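Enquirer:
Residue numbers (my numbering): 273 to 715.
(1) Kindly indicate which residue of 694, 346, 385, 612 has the alpha-carbon position closest to the one of residue 647.
(2) Taking residue 702 and residue 303 to be in contact with their CB atoms under 8 Å, please state how far apart those CB atoms are, rounded to whole angstroms.
(3) To the nearest angstrom, report how far apart residue 653 and residue 426 are at their CA atoms.
(4) For the segment 335-351 against the segment 363-374, do three or more pairs of beta-carbon atoms, one drawn from each stretch, fall closer than 8 Å, so that the two count as touching?
(5) Give me the Cβ distance between residue 626 and residue 637, rounded to the nearest whole Å; I'm assuming they're in contact under 8 Å.
(6) Do residue 322 and residue 492 count as a contact pair if the criterion is CB distance below 8 Å?
(7) Would the beta-carbon of residue 448 fall within 8 Å of that of residue 463?
(8) Restricting to Cα atoms, I'd like to know which of 644, 649, 623 is closest to residue 609.
(9) Just tell me which of 529, 357, 419 has its CA closest to the CA of residue 471.
(10) Name the residue from 413, 421, 651 whose alpha carbon lies nearest to the alpha carbon of residue 404.
(11) Pull up the CB-CB distance for residue 553 and residue 537, whole angstroms please, since I reckon it's below 8 Å.
(12) Opposite residue 351 in the DSSP bridges: which residues?
(13) If you run the structure through DSSP and keep just helix, strand and coil, what is residue 686?
(14) Whose C-beta lies closer than 8 Å to the C-beta of residue 579 among residues of the same chain, with five residues either side of it excluded?
(15) How many angstroms separate the CA atom of residue 720 from the CA atom of residue 359?
(16) Would you report the Cα separation of residue 327 and residue 620, rounded to the nearest angstrom?
(17) Alpha carbon to alpha carbon, how far is residue 593 from residue 414?
(18) Measuring alpha carbon to alpha carbon, tell me which of 688, 504, 459 ends up nearest residue 445.
(19) Is residue 675 closer than 8 Å to residue 622 when the C-beta atoms are compared?
(20) Find out if the Cβ-Cβ distance for the pair residue 398, residue 375 is shorter than 8 Å.
(21) For a quick check, are the C-beta atoms of residue 699 and residue 673 less than 8 Å apart?
(22) Check residue 450 in the structure and name its three-state DSSP category.
(23) Give the list of continuous beta strand (DSSP E) stretches no shorter than 3 residues that lie fully inside the segment 568-613.
(24) Nearest to residue 633 by CA position, among 432, 651, 641, is which residue?
(25) Is it true that the CB of residue 605 sits closer than 8 Å to the CB of residue 624?
(26) DSSP state of residue 668, grouped into three classes?
(27) Quick check on DSSP: helix, strand or coil for residue 399?
(28) Does the distance from the CB of residue 561 to the CB of residue 530 come in under 8 Å?
(29) Starting from residue 365 and walking both ways along the beta strand (DSSP E), at which residues does that stretch end?
(30) Pair every Cβ in the segment 679-689 with every Cβ in the segment 657-666, then say whether three or more of these pairs are closer than 8 Å.
(31) Tell me which residues share the same chain as residue 284 and place their Cβ nearer than 8 Å to its Cβ, disregarding the 5 neighbours each side in the sequence.
(32) Measuring only the C-alpha atoms, how far is residue 251 from residue 441?
(33) Considering only C-alpha positions, which residue in the set 378, 542, 363, 691 is nearest to residue 409?
(34) Which residue wins for smallest C-alpha separation from residue 682, given the options 588, 319, 388, 690?
(35) Secondary structure at residue 309, three-state DSSP: helix, strand or coil?
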């Protein structure tokens, strides 16, 4: 948990003066979990949680048969509205509303929660689908589109994966090794593409700085790989010539500004050298200011102890997010993490991450707040705010742009009361977290 204000009277005096510098409220936000109609426990796993940047909805994968009528024991995509608790099956066939007939993965959701993209082997969502494709569902209109197409209605000639959506759902970025999505793609590599739902076109984004097809493949994207306005995209690539610093065969993290068609290498040492380890899992804040990523490189910053880094586009500064320390919590954690991964970043630069421990302690979800530079244990047990959940949490997670809502998947049985279904659930803040800092005038 965050350290509390030491003296309530002093904090109140500051409030009276128009500013509160208190970096936490007294109570930890209570967790809730996604349930089916009538608050029934899911009878099978829920995973791959991704949260809308607006904080209103979470999307996930499930094989549960009791979430909605008509389940088929196949991994399908669902959207859950956090306040109304309304549940929608996203991966359903138009007309019949039948669930996808083959496995669906990796959902992403627009900022307002109204558009969802996902990858699937399903053959009954769009005619002519025979492989792993990326689909886009507009939940306002009900329309579902296969976006990994060649522009004439034919699916790509190789699999498409790992979508991410802009705030309004207009742009979907994804990766594919297909050579027929854009003209002249003969590099045989996995590239980054963007689909425009207004113009119904697909363009390639991962060309090198000379405008040529890249000579190396990109890694899978995160669901938060594109800014809300759709103009900035982050990805990890092994290619040469993305920037003047040539590649070294290891995945490096790049930021693409679509407005200027320029790349910025983020995983570099202070002297400009490329990272000497793997850098990936890049995620960008909705406002496009902050990028967080994982790196095993030892040369990015002197004295780095964690694998999670955050870059600030405003001042060009890269920081290594420190590891949570057991002694900094009140009461102390049982153990300190040895590394963190799967970062997600807010508009204020706060970072949500999954942190690992030495065995047998399971991975846990933590939130680092930039204003206080302190961590909070998110996946804490009901027994206390410093008590780890009894099983792993955070294989996937998400946080809203303002940091007020978060969601994650968890196998733990002791995060919420009555969890007896012995499978992975999707957890979320039952209520938005109170503001941690009041601004002058309380606006």
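We put the CB at the ideal spot given by N, CA and C, even for glycine. All figures in this text were calculated on a predicted structure; none of them were measured in a lab.
Expert: In this structure, then:
(1) Sequence index remark: in the chain shown, residue 647 carries index 375 (1-based). It is 612.
(2) Here residue 702 is taken as the residue at index 430 of the chain shown, counted from 1. Here residue 303 is taken as the residue at index 31 of the chain shown, counted from 1. About 6 Å; that satisfies the 8 Å criterion.
(3) Position 381 of the chain shown, counted from the start, is the residue given in the question as residue 653. Position 154 of the chain shown, counted from the start, is the residue given in the question as residue 426. C-alpha separation (whole angstroms): 49 Å.
(4) The segment 335-351 vs the segment 363-374: in contact.
(5) Taking the first residue of the chain shown as position 1, residue 626 is located at position 354. Taking the first residue of the chain shown as position 1, residue 637 is located at position 365. With a Cβ gap of about 6 Å, residue 626 and residue 637 count as contacting.
(6) Along the chain shown, one-based indexing puts residue 492 at 220. Along the chain shown, one-based indexing puts residue 322 at 50. One thing to note: residue 492 has its Cβ no nearer than 8 Å to the Cβ of residue 322.
(7) Locating residue 448 in the chain shown gives position 176, where the first residue counts as 1. Locating residue 463 in the chain shown gives position 191, where the first residue counts as 1. For the 8 Å CB-CB criterion, residue 448 and residue 463 form a contact.
(8) The count along the chain shown starts at 1 and reaches residue 609 at position 337. Per the Cα distances, 649.
(9) For the purposes of this step, residue 471 is taken as residue 199 along the chain shown, with counting starting at 1. It is 419.
(10) In the chain shown, the residue the question calls residue 404 occupies position 132. Among 413, 421, 651, the Cα nearest to that of residue 404 belongs to 421.
(11) Start at 1 with the first residue of the chain shown, and residue 553 comes out as number 281. Start at 1 with the first residue of the chain shown, and residue 537 comes out as number 265. The pair is not a contact, with the Cβ atoms about 16 Å apart (cut-off 8 Å).
(12) Locating residue 351 in the chain shown gives position 79, where the first residue counts as 1. DSSP, once it has assigned bridges, lists 331, 360 as partnering residue 351.
(13) Residue 686 sits at position 414 when you count from the first residue of the chain shown. Assignment of residue 686 by DSSP, reduced to helix, strand and coil, places it in the coil class.
(14) Taking the first residue of the chain shown as 1, we reach residue 579 at position 307. In its chain, beyond the 5 residues on either side, 566, 567, 568, 611, 612, 613 have a beta carbon closer than 8 Å to the beta carbon of residue 579.
(15) It is not possible to answer for residue 720, since the shown part of the chain is limited to 273 through 715.
(16) Against the chain shown, residue 327 aligns to sequence position 55. Against the chain shown, residue 620 aligns to sequence position 348. C-alpha separation (whole angstroms): 15 Å.
(17) In the chain shown, residue 593 corresponds to position 321, counting from 1. In the chain shown, residue 414 corresponds to position 142, counting from 1. Straight-line Cα distance between these residues: approximately 41 Å.
(18) As a working mapping, residue 445 is identified with position 173 in the chain shown. Taking only the C-alpha atoms, the option nearest residue 445 is 504.
(19) Locating residue 622 in the chain shown gives position 350, where the first residue counts as 1. Locating residue 675 in the chain shown gives position 403, where the first residue counts as 1. Against a cut-off of 8 Å, the Cβ pair of residue 675 and residue 622 comes out as a contact.
(20) Here residue 398 refers to the residue found at position 126 of the chain shown. Here residue 375 refers to the residue found at position 103 of the chain shown. No, Cβ-Cβ distance for residue 398 and residue 375 is not below 8 Å.
(21) As a first step, residue 699 is located in the chain shown; it is residue number 427 there, counting from the start. As a first step, residue 673 is located in the chain shown; it is residue number 401 there, counting from the start. No, the pair does not count as a contact, with Cβ atoms beyond the cut-off.
(22) Position 178 of the chain shown, counted from the first residue, corresponds to residue 450. Coil at residue 450, not helix or strand.
(23) With a minimum length of 3 residues, the continuous beta strand (DSSP E) runs that stay inside the segment 568-613 are 580-584, 589-592.
(24) On the chain shown, position 361 is the one that residue 633 refers to. The option with the nearest alpha carbon to residue 633 is 651.
(25) By one-based count along the chain shown, residue 624 stands at place 352. By one-based count along the chain shown, residue 605 stands at place 333. No; because the gap between Cβ atoms is not below 8 Å, this pair is not in contact.
(26) Start at 1 with the first residue of the chain shown, and residue 668 comes out as number 396. Looking at residue 668 - three-state DSSP - the assignment turns out to be strand.
(27) For the purposes of this step, residue 399 is taken as the residue at position 127 of the chain shown. If DSSP states are grouped into helix, strand and coil, residue 399 belongs with coil.
(28) Position 289 of the chain shown, counting from 1, holds the residue named residue 561. Position 258 of the chain shown, counting from 1, holds the residue named residue 530. Contact flag unset, no.
(29) In the chain shown, counting from the first residue as 1, residue 365 sits at position 93. Premise fails: residue 365 is in no beta strand (DSSP E) and is neither H nor E.
(30) Counting C-beta pairs closer than 8 Å gives three or more between the segment 679-689 and the segment 657-666, which meets the contact rule.
(31) Residue 284 sits at position 12 when you count from the first residue of the chain shown. Low confidence applies here, because residue 284 scores a pLDDT of 34, under 50, leaving its location unreliable; read the following figure in that light. Once the five neighbours on either side are set aside, residue 284 has no close Cβ partner at all.
(32) Because residue 251 is not part of the residues shown, which for the chain are 273 to 715, the question remains open.
(33) Within the chain shown, residue 409 is the residue found at index 137, counting from 1. When 378, 542, 363, 691 are compared, the shortest CA-CA separation from residue 409 is found for 363.
(34) Numbered from 1 along the chain shown, position 410 holds the residue referred to as residue 682. Nearest C-alpha to residue 682: 319.
(35) For the purposes of this step, residue 309 is taken as the residue at position 37 of the chain shown. Shown here, residue 309 sits in a helix according to DSSP, grouped into three states.
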